[in-house]
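Asker: Heads up: the sequence shown begins at 4 in the numbering used here, then just goes up one per residue. Submitted below is the structure of interest, expressed as structure tokens.
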Amino acid sequence: MKVCNKVKEAFQEKALWDDWRWQFRNRIRDLEGLKRFVNLTPEEEAGIRWAEERFPMAITPYLLSLIDPLDPECPVRKQVIPRIDEAFVARGDLSDPCGEESHSPVPGLVHRYPDRVLLLVTDTCASYCRYCTRRRRVGEEERDSSIEEAIEYIRKNRSVRDVLLSGGDPLILSTERLEAILKRIREIPHVEIIRIGTRVPVNLPQRIDQDLTGMLRRYHPIFMSIHFSHPKEITPECGRALSALADAGIPLGSQTVLLRGINDDPETMKTLMHGLLKHRVRPYYLYQADLVPGTSHFRTPVRKGIEIIERLRGFTTGYAVPTFVIDAPGGGGKVPVGPEYVIKMDKGKVLFRNYEGKTFEYIEPEE
């Protein structure tokens, strides 16, 4: 990859390219650093300056190598380089669009659903997506969250059987720190499964090393939800990371945010979903973008997501069709939204259509 080689050559310590800690230390975080590699537009330069004290920019050298330096419409570039559009707050925007704060009984923990909790273990990511739902708290400081109260809350609430680690990105923690958290959760008898939400295989695949996968094996059942946005993100390096995780016995799922001008067409989405399946990642959720201040330029009409699902269902394997959801503003949880296939329900029969638009009648059992 020419761009990748150019970026590697620009770093004097290129022999350390595969060292994830080196990648993290050498993230591009300011305007002058980025101008060395990317022909920035005036909108991008203004956006970077505007974002400095609000929601910082950070791009790993690896992810930078995937950016087209000449094309402002590059789907990777648009996700991580600020634009001045972020200064605009649209009608209906909410600083906490998913209502996490109102469902947080103790710091660092969200308990919205009856049997599962969200545990926020860090405020740090390898690279910061400009449409981040948690931009109100992520990226302000590079710190790990205290989880003492949260662990005790989980221990006392026997209804909690499922714990999702998120942040920030849990895989940014050292292997030792992450293991200490997993060990404490796994010691709680009523916790059945642990999930990890991450984007590290996309923006820092070097992090998925033998030490990490060997450690994760010890705390099964562990599931992992990985944030993918575009087929361009599925590189050989990413593929090796996914294989290592899958070979460690971790079921992998994907979460994708529907983004204007990045993945909001059926063919791009189908290519992404097919690419994920080839790497043993099961498409899980397609999210309507949340009402985060400064992100309206990323959002599409809801009908666009419905159209994409309709162009997937029946036209490709069911494994490749994610569930399209809206995270209800204010904290109502994930609500599935999709095409309507039921035309009419009468006593004793249901009239419905298939993916081709043909109608069929199903006779229901007599009472």
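Every residue, glycine too, gets a C-beta built ideally from N, C-alpha and C.
I need the DSSP call for Val-79, collapsed to helix, strand or coil.
Answerer: The count along the sequence shown starts at 1 and reaches residue 79 at position 76. Reduced to three states, the DSSP call for Val-79 is helix.
Asker: Around the C-beta of Pro-368, are 16 or more other C-beta atoms found within 10 angstroms, so that it is buried, or is it exposed?
Answerer: Within the sequence shown, the letter at position 365 stands for residue 368. Flag for Pro-368 reads exposed.
Asker: If we call anything under 8 Å between Cβ atoms a contact, is Asp-99 one with Gly-170?
Answerer: Along the sequence shown, one-based indexing puts residue 99 at 96. Along the sequence shown, one-based indexing puts residue 170 at 167. In this structure, Gly-170 does not lie closer than 8 Å to Asp-99 by Cβ.
Asker: Bridge partners for Tyr-290 per DSSP, in chain order?
Answerer: Counted from its first residue, the sequence shown places residue 290 at position 287. Answer is Val-260 and Val-328, bridged to Tyr-290.
Asker: What three-state label does DSSP hand Leu-219 in the structure shown?
Answerer: The count along the sequence shown starts at 1 and reaches residue 219 at position 216. If DSSP states are grouped into helix, strand and coil, Leu-219 belongs with the helices.
Asker: Excluding the 5 residues preceding and the 5 following Val-83 in the sequence, name in chain order all residues of the same chain whose CB lies nearer than 6 Å to its CB.
Answerer: In the sequence shown, the residue the question calls residue 83 occupies position 80. The answer, listed in chain order, is Ile-62 and Ser-130.
Asker: I believe Phe-226 touches Ile-196 by the beta-carbon criterion, under 8 Å. Please report the beta-carbon distance rounded to the nearest angstrom.
Answerer: Mapped onto the sequence shown, residue 226 falls at position 223. Mapped onto the sequence shown, residue 196 falls at position 193. The pair is a contact, with the Cβ atoms about 6 Å apart (cut-off 8 Å).
Asker: Based on Cα-Cα distance, which residue from Ala-251, Gly-217, Asp-214 and Asn-206 lies nearest to Ile-229?
Answerer: Position 226 of the sequence shown, counted from the first residue, corresponds to residue 229. Minimum Cα distance to Ile-229 is reached at Asn-206.
Asker: Candidates Trp-23, Pro-325, Met-272 and Ile-211: which alpha carbon is nearest Arg-243's?
Answerer: Counting from one through the sequence shown, the residue named residue 243 turns up at place 240. Selected option, being the one with the closest Cα: Ile-211.
Asker: Between Glu-76 and the rest of its own chain, which residues show a CB-CB distance below 8 Å, the 5 nearest in sequence each way excluded?
Answerer: For this step, residue 76 is matched to residue 73 along the sequence shown. Cβ within range, chain order: Gly-264.
Asker: Going by alpha carbons, who is nearest to Asn-160 out of Arg-24, Asp-118 and Asp-96?
Answerer: As a first step, residue 160 must be located in the sequence shown, where it is residue number 157. With distances taken between Cα atoms, Asn-160 lies closest to Asp-118.
Asker: Could you have a look at Tyr-322 and say whether DSSP puts it in helix, strand or coil?
Answerer: Here residue 322 is taken as the residue at index 319 of the sequence shown, counted from 1. In this structure, Tyr-322 counts as helix in the three-state DSSP scheme.
Asker: Rounded to the nearest angstrom, what separates Glu-103 and Glu-182 at their Cα positions?
Answerer: Position 100 of the sequence shown holds residue 103. Position 179 of the sequence shown holds residue 182. C-alpha separation (whole angstroms): 26 Å.
Asker: Considering just the uninterrupted stretch of the alpha helix (DSSP H) at Met-276, what are its terminal residues?
Answerer: Residue numbering aside, residue 276 sits at position 273 when the sequence shown is read from its first letter. Where Met-276 is concerned, the enclosing alpha helix (DSSP H) stretches over 269-281.
Asker: If we ignore side chains and look at the alpha-carbon of each, how far apart do Trp-53 and Gly-297 end up?
Answerer: Looking up residue 53 in the sequence shown gives position 50. Looking up residue 297 in the sequence shown gives position 294. If you take the alpha carbons of Trp-53 and Gly-297, they lie about 11 Å apart.
Asker: Considering only residues of the same chain and omitting the five flanking positions on each side of Val-109, which have a CB-CB separation below 6 Å?
Answerer: Here the question's residue 109 lines up with position 106 in the sequence shown. Closer than 6 Å at Cβ, skipping near neighbours: Glu-152, Ala-153 and Tyr-156.
Asker: Take Asp-268 as the anchor and find which of Pro-239, Gly-278, Gly-256 and His-233 has the nearest alpha-carbon.
Answerer: Against the sequence shown, residue 268 aligns to sequence position 265. For Asp-268, the nearest C-alpha among the options comes from His-233.
Asker: So Tyr-365 and Asp-330 are in contact, right, with Cβ under 8 Å, and what is the actual spacing, rounded?
Answerer: On the sequence shown, position 362 is the one that residue 365 refers to. On the sequence shown, position 327 is the one that residue 330 refers to. Not quite, the Cβ-Cβ distance comes to about 33 Å (not below 8 Å), so this is no contact.
Asker: Per DSSP, which one or two residues make a beta bridge with Ile-191?
Answerer: Working through the sequence shown from its first residue, we reach residue 191 at position 188. Note: Ile-191 sits in no beta bridge, so no partner.
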